[in-house]
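First to last, the protein sequences are chains F and P.
Take the first sequence: its position 207, counting from 1, is numbered 207 in the numbering used here, and each next residue is one higher.
Take the second sequence: its position 108, counting from 1, is numbered 1108 in the numbering used here, and each next residue is one higher.
Presented below is the structure to which this report refers.
Number of protein chains: 2
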Amino acid sequence: MGEQKVSIGLIQTSSSKNPKDNLYQQMGLIREAAEKGAQIICLQELFNTTYFCVDYDEANFDWAEPLDGALVKSLSGLAKELKIVLVAPFFEKRAKGIYHNSLVVIDADGSVLGSYRKMHIPDDPGFYEKYYFTPGDEETGFKVFDTAYGKIGTLICWDQWYPEAARITALKGADILFYPTAIGTLATEGKQEAREYQDAWETIQRSHAIANGCYVASVNRVGKESGSKFWGGSFVAGPFGQILNKAGSKEEILVTEIDLGEIDKQRKAWPFFRDRRIELYKPILKRIDD
Amino acid sequence: MGEQKVSIGLIQTSSSKNPKDNLYQQMGLIREAAEKGAQIICLQELFNTTYFCVDYDEANFDWAEPLDGALVKSLSGLAKELKIVLVAPFFEKRAKGIYHNSLVVIDADGSVLGSYRKMHIPDDPGFYEKYYFTPGDEETGFKVFDTAYGKIGTLICWDQWYPEAARITALKGADILFYPTAIGTLATEGKQEAREYQDAWETIQRSHAIANGCYVASVNRVGKESGSKFWGGSFVAGPFGQILNKAGSKEEILVTEIDLGEIDKQRKAWPFFRDRRIELYKPILKRIDD
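What follows is the structure, encoded as structure tokens:
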């Protein structure tokens, strides 16, 4: 396989308390990214709201949208107009009492290819996600989407700490793993912690590119929201984990041209997939091997 | 759990074509590491020979030693004298026609705790390991050893590219993952490649520390051997992937004091183990999910 260029756009921004404002702002940024040549555009986790999981508030459930609602319709129309593939993460209301931290993948003709529901749900001070989100289940599963511009896999934030999630998605054929994210530090945490956390966050995601010989594109939000400070630092890593492009800590549209043909080259040079000992990996399915 | 300090010694050196000379040299370096306070000492992959897999040569099989031979007895005596735990990787002759890339773990009283046989075997230009080594099997498996100074897991070189190997070993209770290694560049490869390779190599191993909240200690050889140049760069990473100590590209004894009590702290702050979706990881057992 020869060159197979595709341009990725990551939209790193801040959010207000008004979902409609956020949607309009993001639609403008999507347009801007497309003008810069982006073909696959990925928005940050829960793109049209603040990161509301900072505390317990029943009122926040009213921000959830169905998969076939007005939000997805607006984005679908925009994707079709701009001929872009769009990865749009939002708070999904699946049924009364069942809510997910989801994303929808819209193809360049505006059709909805499908959705992914976050599989690993965190729950830590300032990140009370288990209160809001039912985890993705076997039915929805780990997902790969065959889009107009390439085969992409999608995972969400906390999923990024799990090599299993990256591996399974890559084995399904993902050439690019997208990680929309909302990660930052709390007011009580200092600069040293912020540096260490961000370094670990970047390192583990780069390792998924290395282990699987694929691209990784991670989008994080920025700005302060009731005590949390999101660090931005969205990036694209190549199939040996090299950082190809990286945003700072401010609002930014990060457009990166990549060559999917590099994946085949990388996996021939470093044939990790060839040597996996699949017959001996069963203990992976244990909680702890005690 | 409070503090639980232990001192790790990594011996990064070059090797000659004379296994006996190499053994004597390494025994001197082990003594030196112990004098510097090292309690668990790990030698580089195939420590008493050159990295002979650079080409196909039947004569090299004569360098193999049995698990209960003179080599292990010498090391056992030394470990007992110095009251150190020793991780010693060598070319094992298990039976006529069955050879492994193995390591033996010797406890601080000189007793042999057991052995580990490399599970993932590479085979690339200059690294013809599939010719020499039968892979470790289910019987020997992934291993953890409860030593006088801590519970350690052992893996060897190419294993380091596989998150599954690190995960399984950590789930078995390893507080430190040791990776004896022989990795470098070929004469045909330039400085840019050397930098990229070493960066990917360090990154994937740091990611095992992060994903599993444990320490990682990696030992690589140095020097030129018939066209290959080994890059050294042995290091110890903490349970969030932070580099705690790192060797250059010359011979070096790297002694690092670590606190095993940090593991419990790390896993409480970043509880990745809590949220693993073990019921959905079965596709890990596939070669490719096509």
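Positions of the beta carbon are idealized from the N, C-alpha and C atoms, including for glycine.
Just so it is clear, the structure is predicted and the values come from calculations on it, not from any experiment.
Of all C-beta pairs linking the stretch 1252 to 1270 of chain P to the stretch 1210 to 1217 of chain P, three or more are shorter than 8 angstroms, placing the two stretches in contact. In terms of Cα proximity to Ser1207 of chain P, the closest of P:Ala1170, P:Leu1254, P:Leu1082 is P:Ala1170.
For Tyr215 of chain F, the secondary structure class from DSSP, reduced to helix, strand or coil, is strand. In this structure, F:Val105 is the residue among F:Phe133, F:Val105, F:Asp62, F:Thr13 with its C-alpha nearest to the C-alpha of Leu75 of chain F.
Where Asn245 of chain F is concerned, the enclosing beta strand (DSSP E) starts and stops at 243 to 246. Nearest in C-alpha terms to His1100 of chain P, of all of P:Glu1129, P:Ala1108, P:Leu1113, P:Tyr1051, is P:Glu1129. When Cβ pairs closer than 8 angstroms are counted between the two stretches, the stretch 1173 to 1192 of chain P is seen not to touch the stretch 179 to 189 of chain F, the count staying below three. In the three-state scheme derived from DSSP, where H, G and I count as helix and E and B as strand, His1208 of chain P is classed as helix. Residues of the stretch 1194 to 1218 of chain P with a Cβ closer than 7 angstroms to any Cβ of chain F, in chain order: Glu1196, Ala1200, Thr1203, Ile1204, Arg1206, Ser1207, Ile1210, Ala1211. Restricting attention to beta strand (DSSP E) runs no shorter than 3 residues, the stretch 1002 to 1058 of chain P encloses them at 1005 to 1012, 1040 to 1043, ordered along the chain. Each of F:Ala247, F:Ala200, F:Lys224, F:Phe178 was checked against the Cα of Ile1243 of chain P, and the nearest Cα belongs to F:Ala200. A Cβ-Cβ distance of about 6 angstroms is found for the pair Ile284 of chain F and Arg1167 of chain P, placing them in contact under the 8 angstroms criterion. Close to chain F, meaning a Cβ-Cβ distance shorter than 8 angstroms, is no residue of the stretch 1093 to 1110 of chain P at all. Spatial neighbours of Trp158 of chain F in its own chain (CB-CB distance under 6 angstroms, excluding positions within 5 residues in sequence) are listed in chain order as His120, Pro122. The three-state reading of DSSP puts Asp124 of chain F in strand, counting E and B together. Between Thr181 of chain F and Gln160 of chain F a beta carbon distance of about 7 angstroms is seen, short of the 8 angstroms cut, so the two are scored as contacting.
At the C-beta level, Gly1114 of chain P and Lys1151 of chain P stay beyond 8 angstroms of one another. Inter-residue distance for Gly248 of chain F and Cys53 of chain F is about 24 angstroms (C-alpha atoms, whole angstroms). Spatial neighbours of Ser1102 of chain P in its own chain (CB-CB distance under 6 angstroms, excluding positions within 5 residues in sequence) are listed in chain order as Glu1092, Ser1115, Arg1117. Residue state for Tyr131 of chain F is assigned as helix, using DSSP reduced to three classes. If you look at Arg167 of chain F, you'll find it in the alpha helix (DSSP H) that goes 163 to 171.
With respect to Ile1011 of chain P, Ile1040 of chain P sits apart: the two C-beta atoms are not nearer than 8 angstroms. Residues of the stretch 172 to 194 of chain F with a Cβ closer than 8 angstroms to any Cβ of chain P, in chain order: Lys172, Gly173. For a cut-off of 8 angstroms, the C-beta gap from Arg1221 of chain P to Ser1015 of chain P is around 7 angstroms, short enough to register as a contact. Straight-line spacing of the CA atoms in Gly9 of chain F and Gly2 of chain F works out to 23 angstroms.
The alpha carbon of Ile1288 of chain P has as its nearest neighbour, out of F:Ser7, F:Gly173, F:Gly238, the alpha carbon of F:Gly173. Between Glu196 of chain F and Phe1235 of chain P, the C-beta spacing is not below 8 angstroms. If you ignore the 5 residues before and after Gly227 of chain F, its C-beta comes within less than 8 angstroms of the C-beta of Val54, Gly126, Leu186, Ala187, all in its own chain and listed in chain order. The beta-carbon distance between Asp1175 of chain P and Lys1005 of chain P, rounded to whole angstroms, is 12 angstroms. This is too long to meet the 8 angstroms contact definition. For Glu1003 of chain P, no chain F residue has a C-beta closer than 7 angstroms to its own C-beta; the minimum C-beta separation is roughly 20 angstroms.
Listed along chain F, the residues sitting closer than 8 angstroms to Phe1272 of chain P by beta-carbon distance are Trp161, Tyr162. Closer than 9 angstroms at the C-beta level to chain F, one finds these residues of the stretch 1252 to 1284 of chain P: Ala1269, Trp1270, Pro1271, Phe1272, Phe1273, Arg1274, Asp1275, Arg1276, Arg1277, Ile1278, Glu1279, Leu1280, Tyr1281, Lys1282, Pro1283, Ile1284. A residue is called buried when at least 16 other Cβ atoms come within 10 angstroms of its Cβ; Pro66 of chain F does not meet this threshold and is exposed.
Interface residue (Cβ-Cβ distance to chain P less than 8 angstroms): Arg117 of chain F is not classified as such.
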